[in-house]
Amino acid sequence: GENVEQHPSTLSVQEGDSAVIKCTYSDSASNYFPWYKQELGKGPQLIIDIRSNVGEKKDQRIAVTLNKTAKHFSLHITETQPEDSAVYFCAASRRGGGADGLTFGKGTHLIIQP
Amino acid sequence: DTGVSQDPRHKITKRGQNVTFRCDPISEHNRLYWYRQTLGQGPEFLTYFQNEAQLEKSRLLSDRFSAERPKGSFSTLEIQRTEQGDSAMYLCASSIGTGYEQYFGPGTRLTVT
């Protein structure tokens, strides 16, 4: 089955700086890669996603890049703000290929220092 | 659009008891997923329904766990003979048939004492 590795486990950045979280996956048939933000006591919130036919996607301060050859994808957050502090999860799935359930990484605790 | 709802939000039960959780997906979302999340870990996939058909089950879904979605709308997850290792957050997500995005509910936190 799919295995997703996520790094770092904790990331502390100064407010206004950029943050980068990286993930690798093992199943070359995976074709869908979402990122979720989870705040304490809440369910994961989808913030951005990318499909395997695209190399990069951007939404305001958030961007995701995908390298299918190397089987890794990254989340980039620019101009970080205090409300960006949360746990971020990457995930992968083989959507439509009999494995629609998401496989998640272990999460990155992002701390924005004022 | 009211989002995915789950009930109850918290459940404390004694070891050996049965518990049942309910998930109401976003209206018109015909795909429904169950995940389990333990402290400090990412969610782990348990099972998924398209309409009322259960199409995928993880090996994590032991024979003490059963999920149903009888009319293709809400779903229930039952755990029989609970064990302390079942203590976790149980998350439900839904997606529209042609879509890839899964939207999560707030979860049900289960504590087995």
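Which chain is which? The protein sequence lines are A and B, in order.
Everything in the first sequence is counted per my numbering, starting at 1 for the first residue and increasing by one.
Everything in the second sequence is counted per my numbering, starting at 115 for the first residue and increasing by one.
The C-beta atom is built at its ideal place from N, Cα and C for all residues, glycine as well.
Residues of chain B whose Cβ lies closer than 7 Å to the Cβ of A/Leu102 are, in chain order, Phe159 and Gln216.
Three or more Cβ pairs drawn from the segment 170 to 189 of chain B and the segment 131 to 138 of chain B lie within less than 8 Å of each other, which places the two stretches in contact.
A contact is defined here as three or more CB-CB pairs under 8 Å, and the segment 216 to 226 of chain B fails this definition with respect to the segment 167 to 184 of chain B. Contact between the segment 37 to 56 of chain A and the segment 13 to 23 of chain A is absent, with fewer than three C-beta pairs closer than 8 Å. Identification of residues in the segment 35 to 46 of chain A having a C-beta nearer than 9 Å to some C-beta of chain B yields Tyr36, Gln38, Gly41, Lys42, Gly43, Pro44, Gln45 and Leu46, given in sequence order.
Closer than 8 Å to the CB of A/Asp49 there is at least one CB belonging to chain B. Contact between B/Tyr162 and A/Asp100 is confirmed by a C-beta separation of about 6 Å, below the 8 Å threshold. When the five nearest sequence neighbours on each side are left out, the beta carbons in the same chain lying within less than 6 Å of the beta carbon of A/Ala92 are those of Glu2, Val4, Tyr25, Ser30, Phe33 and Thr103, in order along the chain. DSSP places A/Val87 in the uninterrupted beta strand (DSSP E) bounded by Ala86 to Arg94.
Of the other Cβ atoms in all chains shown, fewer than 16 fall within 10 Å of the Cβ of A/Ser28; this residue is therefore exposed.
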